[in-house]
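Accompanying notes for the structure given below.
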Amino acid sequence: MAKTFDVRNDRVVSIDEFVDFVHREVDLHDLDSIGAAAPLLRGLANDPRLVIDRLNRQVKNLFRSEAVASAQVIYLGEGRDFYLRANVWPSLADLSSGRVYQDQFSYHLAHDHNYSFMTVGYHGPGYLTEMYEYDNERVSGRLDERVDLRFVERVHFRTGMVMLYEASRDVHTQLPPEDMSITLNFMISTPEVRLRDQYFFDLERGTLLDYPLELDGSRRISVIRMAADIGDGDTRQLLDDLAGSHPCRRTRLAAFEGLNKLAPQDAESIWTRAAGDAEALVSEAARKRLLAAAG
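Each residue of the sequence shown is one higher than the one before, counting from 0 in numbering that gives the first Met the number 0.
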């Protein structure tokens, strides 16, 4: 379950100091080791200029007609396989009035993350979050699949609090704060993250609802679908290779679907091969296709 740290640190920590500490002291594959950076993350939150200085740079860029970066997610710095960002959480009044463009927020939507991360409350009253957990190993990834979501706690995530979320285990839903709030996040981005699925959940039904569109897996699937729409023999060979060897189960399933679209006359052999996939997400979809064709 997500871990809350009672951290007291009055010292201001710089981005460079934080990055150097992580490089020297933290194993990004070990949650306890990541947690050791909690005092330094709390120290980052002691710098009142940290976020405003970066926002000021974005305002200056407006005079040069440059592309506008997101006002909700503000990049702060990075190291090897991790980065630091600030998240701005608007209030319900901000959203309903139209003062803030709503494109980054998943309020009231339960979700996990395919990466571990640690967060600290930086500014404002903070949001409410409802915490759940589940066993990712028991989820095949099929939409509407039943998921055993276990309620853990409801937390008011205030300024100065530090929490560590475990990848593909902790699930949370956030409620808008009473006033605009900001968190700082220590984001783990080791290579295997790009192959993990991330989910939205339907809490009332206890089911898997959807996948976030911005995931690497979702982007791969979008490319595969476009290629299948206009593809040729080379595309078919590429999709055949992906279907047989890509480590992401959603990508393999999309490749089989693309093959079926490019060569519908070979549907039976395509889905017979897919039915032998080691992942239930792929094999169950294939067996349904075969049953539908036989019926």
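The beta-carbon is built from N, C-alpha and C at its ideal position, and this holds for glycine as well.
- Annotation: the continuous alpha helix (DSSP H) that includes Arg249 extends over Arg248 to Leu261.
- Spanning the alpha carbons of Ile220 and Ala242 requires a straight line of approximately 12 angstroms.
- The region 104-111 makes contact with the region 162-182: 3 or more CB pairs, one atom from each, lie closer than 8 angstroms.
- Its chain contains Asn113, Gly140, Tyr210, Gly216 and Arg249 as the residues whose beta carbon lies nearer than 7 angstroms to that of Asp196, once the 5 sequence neighbours on both sides are disregarded; these appear in chain order.
- Secondary structure note for Ser32: its alpha helix (DSSP H) is the uninterrupted segment Leu30 to Gly34.
- About 34 angstroms separates the beta carbon of Tyr164 from that of Ala285, a gap too long to meet the 8 angstroms contact definition.
- Note that the C-beta distance between Tyr133 and Val154 is not below 9 angstroms.
- A direct Cα-Cα distance of roughly 7 angstroms separates Thr234 from Ala226.
- A direct Cα-to-Cα measurement between Gly78 and Lys260 gives close to 42 angstroms.
- Membership of Gly243 in the alpha helix (DSSP H) is indicated by the continuous run Gly232 to Ser244.
- Gly125 is bridged by DSSP to nothing; it lacks a bridge partner.
- Runs of the beta strand (DSSP E) spanning 3 or more residues and lying entirely within the region 169-224 occur at 169-174, 180-187, 199-201 and 206-209, in chain order.
- For the 9 angstroms CB-CB criterion, Thr118 and Leu202 do not form a contact.
- Going by DSSP, His22 is part of no beta strand (DSSP E) but of the alpha helix (DSSP H) stretching over Ile14 to Glu24.
- Ranking Gln71, Gly159 and Trp270 by CA distance to the CA of Ala253 puts Trp270 first.
- Taking the Cα of Cys247 as reference, the smallest distance to any Cα among Ser268, Leu258, Asp29 and Val281 is reached at Val281.
- Met186 is a Cβ neighbour of Phe81, given a cutoff of 9 angstroms.
- Per DSSP, the continuous alpha helix (DSSP H) segment holding Glu267 begins and ends at Ala266 to Ala273.
- With respect to the 9 angstroms criterion, Ile33 and Ser167 are not classified as neighbours on the basis of their beta carbons.
- Nearest Cα to Ala36 within the set Ile14, Phe156, Leu49 and Arg53: Ile14.
- Rounded to the nearest angstrom, the gap between the Cα atoms of Leu212 and Asp239 is 24 angstroms.
- Residue burial is scored here from C-beta neighbours: Val72 has fewer than 16 other C-beta atoms within 10 angstroms and is therefore classed as exposed.
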